[in-house]
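Report on one structure; see the data block that follows.
Residue numbers (the numbering used here): 2 to 79.
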């Protein structure tokens, strides 16, 4: 049983904060077991999902504003 709850084996690298080779690099994040330094990876799936959702919300907002403007234009033209 894998107790690390990671889908791959951990990779240890030098920590940018304390310099020890205790920075555990996982798929979604890295953390140092010596000084508790923590960083998320650039390919964090949750972060990319949030970016996608925010873009969809912005598109819906733009579409809604366009529909409201068209309705207002029809009312003013009548």
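Built from N, CA and C at the ideal position, the CB exists for glycine as well.
Point to revise | Exposure of residue 24, with buried meaning 16 or more beta-carbon neighbours within 10 Å | key: Within the chain shown, the letter at position 23 stands for residue 24. It counts as buried.
Check your understanding: Taking Cβ positions, are residue 28 and residue 42 nearer each other than 8 Å?
Key -> The residue given as residue 28 occupies position 27 in the chain shown. The residue given as residue 42 occupies position 41 in the chain shown. Yes.
Review point. Just the Cα atoms here: how many angstroms apart are residue 55 and residue 67?
Key: Taking the first residue of the chain shown as 1, we reach residue 55 at position 54. Taking the first residue of the chain shown as 1, we reach residue 67 at position 66. Computed Cα separation, rounded: 18 Å.
Exercise for review: Kindly list the residues whose CB is nearer than 6 Å to the CB of residue 70, restricted to its own chain and excluding five residues on each side of it in sequence; keep chain order.
Suggested key: In the chain shown, residue 70 corresponds to position 69, counting from 1. None.
Review point. Looking at C-alpha atoms only, which residue of 75, 15, 52, 76 is the closest neighbour of residue 36?
Key: Taking the chain shown and counting its residues from 1, one reaches residue 36 at position 35. That would be 15, whose Cα lies nearest to the Cα of residue 36.
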